[in-house]
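Okay, structure first, notes after.
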Amino acid sequence: MKNVLLRLREAQRAMSTTEASIAQYICAHPQEAAQLTVRELADKTYSSPSSVVRLCRFVGFDGYKKFRQELLLDVHMLGETNCHEEIELDGTATVSEIIESITKQNIQCLEDTRCLLDVEAVTTCVELLRKARTILLFGIGASLCVARDAYLKFLRVDKPCIINDDWHSQLLQARNAVKEDVGIVFSYSGQTAEMIECIKAMKENGTPVIAITRSAPSPAAKLADYRLHTATNELTFRIGALSSRIAQLNVVDILYAGFVNAEYDYCMKRFVRTHIFKEGQ
60 MKNVLLRLRE AQRAMSTTEA SIAQYICAHP QEAAQLTVRE LADKTYSSPS SVVRLCRFVG
120 FDGYKKFRQE LLLDVHMLGE TNCHEEIELD GTATVSEIIE SITKQNIQCL EDTRCLLDVE
180 AVTTCVELLR KARTILLFGI GASLCVARDA YLKFLRVDKP CIINDDWHSQ LLQARNAVKE
240 DVGIVFSYSG QTAEMIECIK AMKENGTPVI AITRSAPSPA AKLADYRLHT ATNELTFRIG
300 ALSSRIAQLN VVDILYAGFV NAEYDYCMKR FVRTHIFKEG Q
């Protein structure tokens, strides 16, 4: 299942005005939209059949027929659970309301990310990490915090990994990469210029690249060899990486758990060896 409603919502900010309007209508009326022909949907959204087809292709379908089939499946399987609004701060919320809203937002983000993750892609990425000479980690801003979390996890099991805090060092790291390494690039938008440069440098060296990014089309997603998609309910005025950071951390946890599971005996020995005992434990 391709999770049409999720993909439409995630990709809206990268769409044209007309495409975004069609996507908003479908997300608001999924059951009705699933029953419409391409011309009927165009009429409902004051657009054209060609605009509807462009939208379908934008989110990964060859045409409207396949898109509609997947939308029908979405509606049948998920009902209204996949149709939710972004949570906004308007300056009037109480602390109690903020606790409820942010918690609900993060839970929904994790559920959406679970739906977007492709099992085969995750399996392949875990195998890449197992075989890699070195794991190279990339990210700036909040994504750098996620990359550092990955570094600490793989350090615990003595898997060689490299992370640098400044972008120039990350670019050097990318230019020195070899095909036996694997790069993991964290970029919520997939449009961060510095990360795109790092991906290009690794591609020139034949280094496989995993992009952990949102599901909307982006330069980083296009350049990467493997894509692990995350969902998010970011606020319109992005006050900081909230649910996007949670989603990225969740993917790191999944990759790490997959690695440990595949290298179970070795990792158990590493856990014993690297455990830091504290007084009173």
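If you count the sequence shown from 1, position 3 lands on 62 in the working numbering, and the numbers rise without skipping.
Note that CB positions come from ideal geometry on N, CA and C, so glycine has one too.
No experiment lies behind these values; they were computed from the predicted model shown.
Per DSSP, reduced to three states, the secondary structure at Phe120 is coil, with no helix or strand assignment.
Ranked by Cα distance from Val181, the options Ile313, Ala321, Arg332, Ala279 are led by Ile313. If the five residues before and after Ala275 are omitted, its C-beta is found closer than 6 Å to the C-beta atoms of Glu69, Ala70, Ala73, all from its own chain and listed in chain order. Cβ-Cβ distances below 6 Å link Glu239 to Arg192 in the same chain, with the five nearest sequence neighbours on each side left out; the list follows chain order.
Taking 9 Å as the cut-off, the Cβ atoms of Arg66 and Gly119 count as close. Secondary structure at Thr162: helix, using DSSP grouped into helix, strand and coil. Contact between Ser303 and Ala270 does not hold, since their C-beta atoms are separated by about 14 Å, which reaches or exceeds 8 Å. With contacts defined by Cβ atoms closer than 9 Å, Leu195 and Ile221 form a contacting pair. Minimum Cα-Cα distance from Lys262 among the listed residues Ser80, Glu253, Val185, Arg234 corresponds to Arg234. If the five residues before and after Ser202 are omitted, its C-beta is found closer than 7 Å to the C-beta atoms of Phe245, Ser246, Tyr247, Gln307, all from its own chain and listed in chain order.
Only buried fits Ala82, as 16 or more other CB atoms lie within 10 angstroms of its CB. Every beta strand (DSSP E) of 3 residues or more that sits fully in the stretch 200–225 is shown, in chain order, as 220–222. Note on geometry: alpha-carbon atoms of Ala92 and Thr76 lie some 19 Å from one another. Beta-bridge partners of Ala270 (DSSP): Val244, Arg286. Here the C-alpha atom of Asn264 lies approximately 25 Å from the C-alpha atom of Phe318. Per DSSP, Phe197 lies in no alpha helix (DSSP H); the unbroken beta strand (DSSP E) holding it starts and ends at 194–197. Excluding residues up to 5 positions away in sequence, Lys212 lie with their Cβ nearer than 6 Å to the Cβ of Tyr315 in the same chain.
Between Asp133 and Leu64, the gap from beta carbon to beta carbon is short of 9 Å. Our two residues, Gln250 and Ala101, have alpha carbons roughly 30 Å apart in a direct line.
Scanning its chain for C-beta atoms nearer than 6 Å, with the 5 sequence neighbours on each side dropped, one finds around Asn165 the residues Ser302, Ile305, in chain order.
In the structure shown, the three-state DSSP call for Ile81 is helix.
In this structure Gly198 is buried. Its beta-carbon is surrounded by 16 or more other beta-carbon atoms within 10 angstroms. Ranked by Cα distance from Asn320, the options Ser110, Arg189, Ser109, Leu176 are led by Arg189. Taken through DSSP and simplified to helix, strand or coil, Thr182 comes out as helix.
When secondary structure is reduced to three states using DSSP, Gln90 falls in the helix class. Between the alpha carbons of Leu169 and Leu130 lies a gap of roughly 21 Å.
At the C-beta level, Leu214 and Glu256 stay beyond 9 Å of one another.
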